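Protein chains in written order, with this note's numbering: chain A, 53 to 433; chain B, 20 to 375; chain C, 926 to 1228. Accompanying notes for the structure given below.
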Amino acid sequence: MSPRHPATNNQGAGVKRALRGCTAILAAGLIAFGAAACGDDEEAAGGTTGGSTTAAPVDFSVALLSPGSSNDGSWGEASYDGVEAAATELGVTDLGHAENLLTPDEYTQQGAAYAKEGANLVLMANGSVPQSVIKVATDYPDAVVCGAAMEIPAADLPANACTYDPEQQEGAFSAGYLAALTSKTGKLGVVAGFAFPALTRQVEGFTLGARYANPDIQVQQVYINSWTDTAAAKAAAQAQYAAGVDIVFSATDSATQGIFAAAQAGDDRYVIASYFDSHEQAPDVVLTSVLYNLEGVTKEMIRRGTAGEIKPEGYSFGLDFGVGELAPFYELDSVVPAEAKTKLAEVIADIESGTVKVPDEKVLGVEGSGASFDLAALTAS
Amino acid sequence: MSGDAPGRGLLTRALSTPDPRALATGVMALLGTIVVVSLMVAALGEDPFAAIRTIIEGSFGDTTAFGQTLMVAVPLALCGAAAAIPFTARLWNVGAEGQMHIGAFAAVAVALTLPALPGPVFIPLILLGAIVAGALWAGLAGVLKTAFGANEVIVTLMLNFVAILIATYAITGIWPQGVAPSTEQVPDSTVLPVVWSGANVSLALPIALAALVAAWVLMSRTGLGLQIRSIGLNPFASLMNGMRVQTVTVATFAIAGTFAGLAGAMEVIGENKALVTNFSANYGYLGIAVALVARLAPAWIFPSAVLFAALQVGSQSLPASTGIPTSFGQIIIAAFVLGLLGARVIRLRYAEGAVQ
Amino acid sequence: MNSTIVISVFATGIALMTPVLWAALGEAIAERAGVLNIGIEGVMLFGALVCAWAIREGAGIWTGLLLAIPVGAVLGLALAYLWVSRGADQIVSGIIGATSLLFDEFLKGVGVVTSLDEISIPLLSDIPWIGEIVFQQPSVTYLALLAAPLVFLLLNRTWFGLYIRSAGEKPRATETAGLSVPALRYTAVVVSCVLICFGGASLIAITSGGFVTNVTAGQGFVALAIVVLGRWNPFLIVGGALLFGVSQALQFQAQSLGFLSSLPPEAWLSLPYLVTIVAVVVAKSSRYPNACGVPFTPAGAAR
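Right, dumping it as structure tokens:
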């Protein structure tokens, strides 16, 4: 402190301090602003797409809460496409979609906010938030709240709530079957998000399907504990390709981009993607994608909502609803042997007819079950 | 709090509740931040007043919203205490996030392995387990610091990732539940009862408030609290005065861990009724900001936590009613804290060479 | 373990260490000047965001990487203003800077489907083992390995480096010698943030896939640890970064490691973090630059 008159000095310091505070806030704000500008760019890109409506508007509004974003090229995008399709074809109001939500608190709070805004149907496309479904449904009895890929015991399910579940193991099974028949090295890889049953049933379903085609097939599985960590996904896929794997099955979201990059770094390396037809993202390596028809399932749930058909129960969607279909091979059609295509069609028919019974998540939800399950039991009547 | 012991006046002056001038500057900083951020929102073509109104209505507008704000304030306040106490001793515990996950892990372990017990016995046992686990986990960082001079910022942050993975293993490997990424549900008798049913506020709130009172008593009325504060002012002088700085350091970390562990347990036996992935919306990290805005004073932690909770909960209503992304509230938080730092409202004293 | 696995682990490890190496080199400069930049994570996130955004707008990977340089400089100026001019607590503001972006979910989903190709260096890449591990990497990795000796020369063989180090050890004496400590620290923080921000951008360039919330996953703090482990010496820092990269790469080969394959995935995922903790513990005798983390008040300045 310079030795000035105490009183004036003190006052001056106060004003100065306040002024400096403002400059500091401005500086901090500018940093945040730069980031916000980029973020909002993204918002706008996602938000302006739901415009045109062909069906007559009905008085029914829907809100979607999802763990991914509407452009993640995966689960989030597929779910959101379903809402858009419902807006176009059924005339419902798309009240909005809340993206990248992870915590149960976020689902509860955003779900409550939409319910308060008068949403008729709130969809929570994240299996980890059953309590949020129950809580929002209880607090807002006028709204219907449905959660995807989760199980809620009937006793706990409020009258205005439901769950819906795409049975993913059947699609993964046929993908594994196809991969085993297409692989030249006899080694397959799986790169998956998290080791919880809804995911594990896909990983083990793939493994079991591969064994059904070729009992001697080797399947390497890696869990990267992320939907989004592209670096981990790339490294995991790289390791598998280096070990002689030629087809990697992806069961994660935007992290799949890392697997594409690993495949593109070498020759004769392919990827089977999940949830969304990923052909356009990497046409040279995406052999096919397992489509769980999330768009159709989401749209169907909205249709049931408009018709007042939703009851407090768990709905499940299987191959007969297009859940687990494989996307076209596009340019890579020649990579898949003709014989494999024929046999794949037969197996899909067998699953639909019940000749081949792919076990559900109670069996395949356990790690290692795909490798140990008795193949003979698949076709046992 | 008057200087009732020699030297005490100096300590309290430096570290107790904010003096009026600092408080005034703080309020100015908050208003300034809101003005600056509002201008940005306006520049992006949105209505800033609608945004602010939505945040206030969404957090305090009705009983349900207010209840949600209070319930989010609970983990924020406890994690705030987990940062404030060690920060007072200039021990940089950024590990509340991990300590909270370990607390949650311990809570679910106790709830799922012990035989059925009545709630009044079971709930305290669960909370005790979580507190002990949190204290041990945080104490580990304290031991590594005192025994090996390991930088606690790095250690506590790395332990966060490990703790989250341990909690994940509980979900995927030890007690998996059906389809969802969650553990099995805890028995009904262990779930914290609701004490204000209109707002869905559970016993967690009174427990958290009691814990904060304990933190205040610890810091301002006990010998250990005095030691913690004097280490923060000058560790060398404390050492010279015969204080067992190493013991106090480990104890400080352990105490911080108890608060975070408690927060984790109450998330498990609260609304979620299980250990679920991502149960924490970065409460452990936000707790640091909560503590700083409270200027590390235990008495101010809860108000500070309510402010953060209101921004957090209120901004969740933004997309639904205005189309403004939820990040609006988070930009306010970030700009506000940085602004306070720049305005030197948050200021800690230095002894030359006192780093590490 | 056969040779393919060993080669794959080390090659992946070197690629994975690149962003951390850039960040650690930058941090070493700032710490030598007496500024403890704990906000590495935040600066890296900005670099990653800018790079991903530029690529998505069709600007190409290198434009994205180069764009991180001015962005890093601006961030450096802002942080230097807080730390040097305002004397804000370096640890507290660094912690806030690093974590504030963690909970900013608005920086999300900037998808990118492109990444730098690996470049095989002729002749060198034909060397058995070493060639496959070191000389088949993306260009930013080679650049990072080249930057290490350059930073060493800068700090230890130039007048500038000498001044920087004296500002970090004995700022008062430095001032008496007629140098401006604030100016030196400003320069160091800006250079440091440029390198850190570039490291964040390299994360996107190497791995592709774009920016997602918390894409850096604690790597900024790992860099902080590596600087201590490497005792502020760029060559040792390369070793520290490699240790981290390899421990991260190991998890992807876990299935091929015989009996270890029965460990749960979470155990492998926590390995890099455990290695970092062990590294900090082992580096116990490291001494921070004397004035590191302490704000400096120039003589005669009224505050």
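Think of the CB as a built atom: it goes at the ideal place given N, C-alpha and C, for glycine as much as any other residue. Quick caveat, the model's predicted, so the values are computed rather than measured.
Option in Gln-272/A, Arg-263/A and Ala-244/A with minimal Cα separation from Thr-282/A: Counting from one through the first sequence, the residue named residue 282/A turns up at place 230. Considering only alpha carbons, the answer is Ala-244/A.
C-beta atoms of Ala-949/C and Ile-1162/C nearer than 8 Å: By one-based count along the third sequence, residue 949/C stands at place 24. By one-based count along the third sequence, residue 1162/C stands at place 237. A contact, by the Cβ cut-off of 8 Å.
Exposed unless 16 or more other CB atoms sit within 10 angstroms - verdict on Ala-48/B: Here residue 48/B refers to the residue found at position 29 of the second sequence. That one is buried.
Reduced DSSP secondary structure (H/G/I, E/B, other) of Ala-1102/C: In the third sequence, the residue the question calls residue 1102/C occupies position 177. Residue state, collapsed to three classes: coil.
N- and C-terminal bounds of the beta strand (DSSP E) containing Leu-339/A: Within the first sequence, numbered from 1, the residue matching residue 339/A stands at position 287. Counting along the chain, the beta strand (DSSP E) containing Leu-339/A begins and ends at 338–343.
C-beta atoms of Ser-184/A and Gly-163/A nearer than 8 Å: Indexing the first sequence from 1 puts residue 184/A at position 132. Indexing the first sequence from 1 puts residue 163/A at position 111. Cβ distance < 8 Å, so Ser-184/A and Gly-163/A count as in contact.
Simplified DSSP assignment, three categories, for Phe-301/A: Here residue 301/A refers to the residue found at position 249 when the first sequence is read from its first residue. Looking at Phe-301/A - three-state DSSP - the assignment turns out to be strand.
Rounded C-alpha distance that separates Ala-1208/C from Asn-112/B: The residue given as residue 1208/C occupies position 283 in the third sequence. The residue given as residue 112/B occupies position 93 in the second sequence. Near 20 Å, if we compare the C-alpha coordinates of Asn-112/B and Ala-1208/C.
Minimum C-alpha distance to Ile-320/B - residue among Leu-231/B, Ile-288/B, Ala-354/B and Val-287/B: Here the question's residue 320/B lines up with position 301 in the second sequence. Ranked by Cα distance from Ile-320/B, the options Leu-231/B, Ile-288/B, Ala-354/B and Val-287/B are led by Leu-231/B.
Sequence ranges, beta strand (DSSP E) only - wholly within the stretch 198–285 of chain A, length at least 3: Counting only runs of 3 or more, we get 213–218, 239–244 and 270–275.
Assigned exposure category for Ala-1216/C - 16 Cβ within 10 Å defines buried: Mapped onto the third sequence, residue 1216/C falls at position 291. Answer is buried; the Cβ neighbour count reaches 16.
Where Ala-96/A sits in the DSSP three-state scheme: Residue mapping note: residue 96/A aligns to position 44 of the first sequence, counting from 1. Note on Ala-96/A: pLDDT 35, under 50, position unreliable in the model; the coordinate value appears next. Secondary structure of Ala-96/A (DSSP, three-state): helix.
CB contact flag (Val-287/B, Ala-123/B, <8 Å): Numbered from 1 along the second sequence, position 268 holds the residue referred to as residue 287/B. Numbered from 1 along the second sequence, position 104 holds the residue referred to as residue 123/B. One thing to note: Val-287/B has its Cβ within 8 Å of the Cβ of Ala-123/B.
Backbone secondary structure at Met-221/B - three-state DSSP: Position 202 of the second sequence, counting from 1, holds the residue named residue 221/B. The sequence shown places Ser at residue 221/B, not Met. Here Ser-221/B sits in strand by DSSP.
Min CB distance Gly-77/B to chain A below 8 Å: In the second sequence, the residue the question calls residue 77/B occupies position 58. Chain A, which has a Cβ nearer than 8 Å to the Cβ of Gly-77/B, makes this yes.
Neighbour flag for Ala-328/B against chain A, beta carbons, 8 Å: Within the second sequence, the letter at position 309 stands for residue 328/B. Residue contact check for Ala-328/B against chain A: no CB pair falls below 8 Å.
Proximity test, Glu-219/A beta-carbon vs the ligand FMN heavy atom, cut-off 7 Å: Absence of the ligand FMN from the depicted structure is noted, as is the absence of any ligand whatsoever, leaving it without description.
Backbone CA spacing between Phe-1060/C and Ala-979/C [nearest angstrom]: Numbered from its first residue, the third sequence carries residue 1060/C at position 135. Numbered from its first residue, the third sequence carries residue 979/C at position 54. Roughly 28 Å between the two C-alpha positions.
Straight-line Cα distance separating Val-56/B from Gly-342/B: Within the second sequence, residue 342/B is the residue found at index 323, counting from 1. Within the second sequence, residue 56/B is the residue found at index 37, counting from 1. Per the coordinates, the alpha-carbon of Gly-342/B lies some 16 Å from the alpha-carbon of Val-56/B.
Local conformation of Met-176/A per DSSP, three classes: Residue numbering aside, residue 176/A sits at position 124 when the first sequence is read from its first letter. Strand, per DSSP.
Inter-residue spacing [alpha-carbon to alpha-carbon] between Gly-120/A and Met-176/A: Residue 120/A sits at position 68 when you count from the first residue of the first sequence. Residue 176/A sits at position 124 when you count from the first residue of the first sequence. Those two C-alpha atoms are separated by around 11 Å.
Trp-1193/C - containing alpha helix (DSSP H), residue span: By one-based count along the third sequence, residue 1193/C stands at place 268. Element bounds for Trp-1193/C: 1190–1207.
Within-8 Å CB hit, Phe-1028/C to chain B: As a first step, residue 1028/C is located in the third sequence; it is residue number 103 there, counting from the start. The predicted position of Phe-1028/C is uncertain, since its pLDDT is 41 and thus under 50; a value taken from the coordinates is nonetheless stated next. Closer than 8 Å: yes.
Chain B contact for Glu-158/A (CB, 8 Å cutoff): As a working mapping, residue 158/A is identified with position 106 in the first sequence. Yes, Glu-158/A lies at the interface with chain B (some Cβ there is under 8 Å from its Cβ).
Proximity to Ala-1148/C [Cα-Cα], best of Ala-958/C, Tyr-1111/C, Arg-981/C and Val-968/C: Mapped onto the third sequence, residue 1148/C falls at position 223. Checking every option, the nearest Cα to that of Ala-1148/C belongs to Val-968/C.
Closest by C-alpha distance to Pro-376/B, when choosing among Gly-158/B, Ala-300/B, Gly-348/B and Leu-330/B: As displayed, chain B neither begins before 20 nor continues past 375, which places residue 376/B out of reach and without an answer.
Given 8 Å, three or more beta-carbon pairs between the stretch 77–95 of chain B and the stretch 162–181 of chain B: As far as the Cβ criterion goes, the stretch 77–95 of chain B does not touch the stretch 162–181 of chain B, which means the pair count is below three.
Beta-carbon neighbours of Ser-933/C, restricted to chain A and to distances below 8 Å: Working through the third sequence from its first residue, we reach residue 933/C at position 8. Simply Gln-290, Ala-291, Ala-294 and Ala-295.
Contact with chain A by Ile-1063/C, beta-carbon distance below 8 Å: Counting from one through the third sequence, the residue named residue 1063/C turns up at place 138. What sits at residue 1063/C in the sequence shown is Pro, not Ile. So no, Pro-1063/C is outside the interface.
Through-space distance from Ile-276/A to Ala-1192/C, alpha-carbon basis: The residue you call residue 1192/C lines up with position 267 of the third sequence. The residue you call residue 276/A lines up with position 224 of the first sequence. C-alpha separation (whole angstroms): 11 Å.
Val-269/B (DSSP reduced to helix, strand or coil): If you number the second sequence from 1, residue 269/B lands on position 250. If DSSP states are grouped into helix, strand and coil, Val-269/B belongs with the helices.
Alpha-carbon spacing of Asp-157/A relative to Gly-938/C, whole angstroms: Working through the first sequence from its first residue, we reach residue 157/A at position 105. Working through the third sequence from its first residue, we reach residue 938/C at position 13. Near 37 Å, if we compare the C-alpha coordinates of Gly-938/C and Asp-157/A.
Contact between the stretch 218–228 of chain B and the stretch 153–161 of chain B (3+ Cβ pairs under 8 Å): In this structure the stretch 218–228 of chain B does not touch the stretch 153–161 of chain B; the number of beta carbon pairs closer than 8 Å is below three.
Amino acids of chain B, ordered along the chain, whose beta-carbon sits closer than 7 Å to that of Tyr-166/A: In the first sequence, residue 166/A corresponds to position 114, counting from 1. The contact set of Tyr-166/A on chain B, defined by CB atoms closer than 7 Å, consists of Ala-339 in chain order.
Residues sharing a beta bridge with Gly-148/A, DSSP: In the first sequence, counting from the first residue as 1, residue 148/A sits at position 96. Partner(s): Ala-115/A.
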